[in-house]
Amino acid sequence: MLKDQLYILLSTFAARADELKVVRFFTEQKELSHKEILEVISVFWRELDNPTNLYFIFDKVANQIEPNDQLFYELLENDESLIALVECGVDSVSKRSKLLRDHVAETLSKWQLTIDERDLIHTFLKARIILCNELVSDALFYDPLLKKLRHCSEFKNQEAFEKWVTGVLRPLAHLNRRIEPQLMISSFEQQPAEEIMNLFASIASDEPVVFKSVVNFEAVPYAQYSGAFAEFLSVFLTVDNFSLDSNNNFEAFKFMASEVKQALGDDNNHLRRAFEAQLLEILYQNSKRLMRLNPPYLSRDLIRILNSIDPEITIDDDISSQKLVAYTNYMNSLEIKSFKDLHKLSNADQWTQLTAFGSMSKTLLTSSSNAETLDYLIESQHVFNNLTRHQKISAVIESLLSLGEFSLLDRLVSKAGFQFEEPVLLKHFWRFFNSAHEGSRDEPEIVNASYVLAKLPKENYSHLHGILKLADELSQYELSYSRGIPFIPRHILEFKHDPYELIQKLLTDNSLLYRDYTTTSHLLKLIYEGLEIQPKSSDYSRELTKLLVLHVEYAVANMNFQFAYKKTMELFDSHGDVSEYWATFFQVGKYVDPNWTDNETPTEIIYLQLEVLGRLLHICPLDEVEAVVLLWSGLELELTNRTDLDDPYSLSKDKSGRKLQKEIMQQVSTSVSNILTGGYKWAIGDD
Numbered sequence: 001m002l003k004d005q006l007y008i009l010l011s012t013f014a015a016r017a018d019e020l021k022v023v024r025f026f027t028e029q030k031e032l033s034h035k036e037i038l039e040v041i042s043v044f045w046r047e048l049d050n051p052t053n054l055y056f057i058f059d060k061v062a063n064q065i066e067p068n069d070q071l072f073y074e075l076l077e078n079d080e081s082l083i084a085l086v087e088c089g090v091d092s093v094s095k096r097s098k099l100l101r102d103h104v105a106e107t108l109s110k111w112q113l114t115i116d117e118r119d120l121i122h123t124f125l126k127a128r129i130i131l132c133n134e135l136v137s138d139a140l141f142y143d144p145l146l147k148k149l150r151h152c153s154e155f156k157n158q159e160a161f162e163k164w165v166t167g168v169l170r171p172l173a174h175l176n177r178r179i180e181p182q183l184m185i186s187s188f189e190q191q192p193a194e195e196i197m198n199l200f201a202s203i204a205s206d207e208p209v210v211f212k213s214v215v216n217f218e219a220v221p222y223a224q225y226s227g228a229f230a231e232f233l234s235v236f237l238t239v240d241n242f243s244l245d246s247n248n249n250f251e252a253f254k255f256m257a258s259e260v261k262q263a264l265g266d267d268n269n270h271l272r273r274a275f276e277a278q279l280l281e282i283l284y285q286n287s288k289r290l291m292r293l294n295p296p297y298l299s300r301d302l303i304r305i306l307n308s309i310d311p312e313i314t315i316d317d318d319i320s321s322q323k324l325v326a327y328t329n330y331m332n333s334l335e336i337k338s339f340k341d342l343h344k345l346s347n348a349d350q351w352t353q354l355t356a357f358g359s360m361s362k363t364l365l366t367s368s369s370n371a372e373t374l375d376y377l378i379e380s381q382h383v384f385n386n387l388t389r390h391q392k393i394s395a396v397i398e399s400l401l402s403l404g405e406f407s408l409l410d411r412l413v414s415k416a417g418f419q420f421e422e423p424v425l426l427k428h429f430w431r432f433f434n435s436a437h438e439g440s441r442d443e444p445e446i447v448n449a450s451y452v453l454a455k456l457p458k459e460n461y462s463h464l465h466g467i468l469k470l471a472d473e474l475s476q477y478e479l480s481y482s483r484g485i486p487f488i489p490r491h492i493l494e495f496k497h498d499p500y501e502l503i504q505k506l507l508t509d510n511s512l513l514y515r516d517y518t519t520t521s522h523l524l525k526l527i528y529e530g531l532e533i534q535p536k537s538s539d540y541s542r543e544l545t546k547l548l549v550l551h552v553e554y555a556v557a558n559m560n561f562q563f564a565y566k567k568t569m570e571l572f573d574s575h576g577d578v579s580e581y582w583a584t585f586f587q588v589g590k591y592v593d594p595n596w597t598d599n600e601t602p603t604e605i606i607y608l609q610l611e612v613l614g615r616l617l618h619i620c621p622l623d624e625v626e627a628v629v630l631l632w633s634g635l636e637l638e639l640t641n642r643t644d645l646d647d648p649y650s651l652s653k654d655k656s657g658r659k660l661q662k663e664i665m666q667q668v669s670t671s672v673s674n675i676l677t678g679g680y681k682w683a684i685g686d687d
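Position 480, counted from 1, in the sequence shown is what full-length UniProt numbering calls 480; the numbers after and before it change by one each time, with no gaps.
Right under this line is the structure:
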């Protein structure tokens with residue numbers, strides 16, 4: 001009966017939070033065990049009482065018991081209410097004690113709590129914390145007591161309890177600050193780990209500091225305590241969660257890859273490999289978004305993360321960390337912003353790889369044209385595993401050619417013992433030539449074209465030497481392609497079907513060039529040679545005849561009758577059949593200079609025109625004879641109206657005319673010379 005009486009008194013004193021009375025149960029009696037005492041305190045002590053008020057328990061629980069036979073009476077202290085509780089008959093006391101015991105047992109059982117005699121202190125604390133939490137939502141309500149106990153010598157061997165505090169109480173307290181409704185400890189511990197991880201992951205903010213806080217203070221401690229790292233990975237470290245499409249998201253990923261991985265430790269190799277495999281998967285699947293984002297120091301961060309992953313770990317498509325490191329080095333130079341696309345390229349056909357390699361080599365050599373870059377390109381693997389060394393060298397040579405890096409090119413060719421491929425050289429010759437803005441031999445693009453041409457066998461490409469020479473010589477003249485559009489070297493190629501059109505442009509833009517038949521004949525031959533036009537005669541006689549006719553036409557257009565007459569007679573005398581050009585000669589025969597006195601043709605010029613028309617009658621078409629005869633008759637009639645005395649329209653009438661008359665006398669035919677010196681009577685048959 002005494003045991004039941006003491007149990008009733010203990011329950012009463014615990015409910016009153018009477019520390020002085022309760023402590024005596026630990027040190028002055030043996031009827032009730034420490035386990036029973038702690039169970040009663042855990043259930044009946046006021047939940048809202050200051051937790052530090054229970055410190056006395058831990059100070060006395062280990063003290064030696066000194067039984068006090070008078071304890072029961074001393075506890076009553078003539079308290080009528082207490083006396084009524086415990087001195088009312090054996091059956092009543094027993095029933096009351098049983099009711100109290102059943103309530104304690106049911107309360108502890110409801111929350112699945114046990115106070116273990118092997119670890120009274122920690123199991124009591126855990127039970128008390130959980131029971132109080134049903135009224136006080138703060139999971140760390142007992143933290144002040146815990147801090148005080150850490151300095152208590154009796155509070156030892158607490159590793160398991162501290163793990164519970166770190167892995168349950170602190171994560172829950174952190175979680176409860178940001179969710180509604182808040183979770184109780186008992187509910188938190190009963191929920192499946194995956195649901196808890198999903199609760200942790202329901203973060204309203206994408207700020208890295210918030211994410212790090214949740215992972216550091218909630219997810220990782222909970223996973224370490226509960227062994228729920230598999231759930232942690234399946235919820236937190238996913239391709240969807242880490243889309244890598246924002247700086248904040250990438251910062252969170254870097255945090256996971258470094259600090260969180262360290263929290264896994266080295267003991268669980270399977271877990272660590274799963275973690276690293278998921279890092280690989282995220283980078284492989286979402287690298288395109290990350291490259292588009294292009295945060296600062298991206299390449300450095302990527303390589304650091306990848307190098308921290310076991311190279312033996314692979315995911316689908318046989319992707320390893322070292323393979324992605326290699327891909328990272330190619331991203332900028334290939335301008336491919338995705339690991340998946342790079343992997344696709346590594347499995348592409350030879351032609352696709354060769355195209356990509358050529359683009360990369362040009363990009364790298366543009367920014368860094370040196371021997372190190374050459375070695376890197378030629379020795380490059382991983383992405384270009386379908387290309388032979390010879391193909392890579394060919395592509396690099398083509399890039400060097402396109403960039404005009406001839407010194408480096410010569411060094412590479414010499415070192416590799418490589419023979420230039422004529423199609424490649426021709427391609428770049430024309431690329432340089434067509435890019436030139438002028439044809440001067442000093443123009444950079446022409447210099448490059450000349451270098452490339454020098455690598456080709458001259459006997460097979462002499463025409464290209466001719467076209468470069470032509471471009472250089474044309475650059476010395478005023479020359480337009482059309483109104484407002486300057487002539488550039490590639491325009492030469494457009495005159496293959498009509499080389500005389502190019503000569504006409506020259507004569508049009510250079511007003512005095514019609515006088516220089518020697519130069520234009522040289523240029524015409526260069527055009528034929530450079531454009532590989534086959535002349536109608538090996539000595540160019542027919543081509544030069546047509547050219548000289550052009551000079552006559554431009555002389556007429558430039559009011560130079562003297563030059564036109566001279567070259568016309570040269571054509572009659574030295575160029576064989578010139579009948580197809582009769583219309584040009586006809587223009588010379590009817591030439592009129594608006595600057596002549598009274599708009600009358602000088603007498604001496606009439607004689608010259610009569611000679612031209614006389615020669616023209618022998619070659620002009622039959623249906624044009626009448627027109628020539630009419631013009632002849634008109635000129636002849638004009639002569640009959642002029643006397644040989646003081647002819648006002650003679651060239652001798654002014655100083656400039658006399659000079660012209662003298663020049664004409666030096667170049668005209670004998671028959672016309674006799675006319676001009678013998679007077680008009682000879683011309684009209686008057687002896």
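All residues carry an ideal CB built from backbone N, CA and C; glycine is no exception.
Tell me, to the nearest whole angstrom, how far the beta carbon of Ile-185 is from that of Leu-169; I am working on the premise that it is less than 8 Å.
For a cut-off of 8 Å, the C-beta gap from Ile-185 to Leu-169 is around 7 Å, short enough to register as a contact.
Could you give the distance in angstroms between the alpha-carbon of Thr-314 and the alpha-carbon of Lys-323?
Distance from the CA atom of Thr-314 to the CA atom of Lys-323, rounded to whole angstroms, is 10 Å.
What span of residues does the alpha helix (DSSP H) with Ser-482 cover, start to end?
Segment 480-482 is the beta strand (DSSP E) holding Ser-482; no alpha helix (DSSP H) there.
I'd like to know whether the C-beta atoms of residue 689 and Lys-30 end up nearer to each other than 8 Å.
Residue 689 lies beyond the range of the chain shown here (1 to 687); nothing can be said about it.
Would you check if the distance between the CB atom of Ser-399 and the CB atom of Lys-362 is smaller than 8 Å?
Their beta carbons are under 8 Å apart, which means Ser-399 touches Lys-362 by this criterion.
For Met-1, count neighbouring Cβ atoms within 10 angstroms of its own Cβ and tell me buried if that reaches 16, exposed if not.
By the neighbour-count rule (16 or more Cβ atoms within 10 Å), Met-1 is not buried but exposed.
Considering only the alpha carbon of each residue, which of Lys-566, Leu-280 and Phe-58 lies closest to residue 692?
Past the edges of the chain, shown from 1 to 687, lies residue 692, and the structure says nothing about it.
Please classify Asn-63: is it buried, with 16 or more other beta-carbons within 10 angstroms of its beta-carbon, or exposed?
Asn-63 comes out exposed.
Please name the residue in Ala-223, Arg-150 and Ser-97 whose C-alpha comes closest to that of Leu-264.
Checked all of Ala-223, Arg-150 and Ser-97; the closest Cα to Leu-264 is Ala-223.
Collapsed DSSP secondary structure at Ser-243 in the structure displayed:
Three-state result, Ser-243: coil.
Classify Pro-489 as helix, strand or coil using the three-state DSSP reduction.
DSSP places Pro-489 in helix when its eight states are reduced to three.
Through-space distance from His-151 to Ser-92, alpha-carbon basis:
Between Ser-92 and His-151, the C-alpha separation is close to 44 Å.
Hey, quick one: how far does the alpha helix (DSSP H) through Ile-303 stretch, first residue to last?
Residue range 298-307 is occupied by the alpha helix (DSSP H) that includes Ile-303.
Is the beta carbon of Ile-282 closer than 8 Å to that of Phe-253?
Going by beta carbons, Phe-253 and Ile-282 fall inside the 8 Å limit.
Could you pull out every residue in the same chain whose Cβ sits closer than 8 Å to the Cβ of Ser-33, ignoring the five residues on either side in sequence?
For Ser-33, where only same-chain residues beyond five positions count, the Cβ hits under 8 Å are Glu-117.
State yes or no: is the C-beta of Leu-426 within less than 8 Å of the C-beta of Val-383?
No. Outside cutoff.
How about Val-43 and Leu-108: do their beta carbons lie closer than 8 Å?
Cβ atoms of Val-43 and Leu-108: closer than 8 Å.
When DSSP labels each residue in this structure, what does Thr-314 get in the three-state scheme?
Strand.
Straight-line Cα distance separating Gln-562 from Leu-676
For Leu-676, the pLDDT reaches just 45, beneath the cut-off of 50, and the residue's location in the model is therefore unreliable, leaving the point undetermined.
N-terminal and C-terminal residue of the alpha helix (DSSP H) that Phe-275 is part of
269-293 is the span of the alpha helix (DSSP H), which, as asked, contains Phe-275.
Among Arg-46, Asp-647 and Glu-611, the one whose alpha carbon lies nearest that of Leu-631
Considering only alpha carbons, the answer is Glu-611.
Sub-8 Å separation of Glu-218 and Leu-149 beta-carbons
Cβ distance not < 8 Å, so Glu-218 and Leu-149 don't count as in contact.
C-beta contact flag for Pro-181 and Glu-251 at 8 Å
No, the pair does not count as a contact, with Cβ atoms beyond the cut-off.
Taking all protein chains shown into account, do 16 or more other C-beta atoms lie within 10 angstroms of the C-beta of Val-260, making it buried, or fewer, making it exposed?
When all chains shown are included, Val-260 counts as buried.
Is the CB-CB distance between Tyr-477 and Leu-453 below 8 Å?
No, Cβ-Cβ distance for Tyr-477 and Leu-453 is not below 8 Å.
Beta-bridge pairing of Ile-319 - partner residues as DSSP gives them
Beta-bridge pairing by DSSP links Ile-319 to Ile-315.
For Ser-537, report the span of its alpha helix (DSSP H) as first-last.
The continuous stretches of alpha helix (DSSP H) do not include Ser-537, and DSSP gives it neither H nor E.
Assuming contact is defined by CB atoms lying nearer than 8 Å, are Val-578 and Thr-601 in contact in what I supplied?
No.
Thinking C-alpha only, which one of Leu-374, Ser-369 and Val-90 is nearest Glu-405?
Nearest to Glu-405 by alpha-carbon distance, out of Leu-374, Ser-369 and Val-90, is Ser-369.
Beta-carbon within less than 7 Å of Leu-271's beta-carbon, same chain only, minus the 5 sequence neighbours each way: which residues are those?
If the five residues before and after Leu-271 are omitted, its C-beta is found closer than 7 Å to the C-beta atoms of Phe-229 and Leu-264, all from its own chain and listed in chain order.
Helix, strand or coil at Ser-11 according to DSSP, with G and I counted as helix:
Helix.
Can you tell me whether DSSP reads Tyr-554 as helix, strand or coil?
In the three-state reduction of the DSSP assignment, Tyr-554 falls in the helix class.
Once the 5 residues before and after Leu-365 are set aside, which same chain residues still bring their CB inside 7 Å of it?
Setting aside the 5 residues that flank it on each side, Leu-365 is surrounded in the same chain by Thr-373, Ser-399, Leu-400, Leu-403 and Glu-405, each with a C-beta closer than 7 Å to its C-beta; the list follows chain order.
Do Gly-589 and Leu-617 have their beta-carbon atoms positioned less than 8 Å apart in this structure?
Taking C-beta atoms as the reference points, Leu-617 and Gly-589 fail to come closer than 8 Å.
Can you tell me which of Tyr-330, Asn-248, Phe-25 and Glu-501 puts its alpha carbon nearest to the alpha carbon of Leu-293?
Out of Tyr-330, Asn-248, Phe-25 and Glu-501, the CA that lies nearest to the CA of Leu-293 is found in Asn-248.
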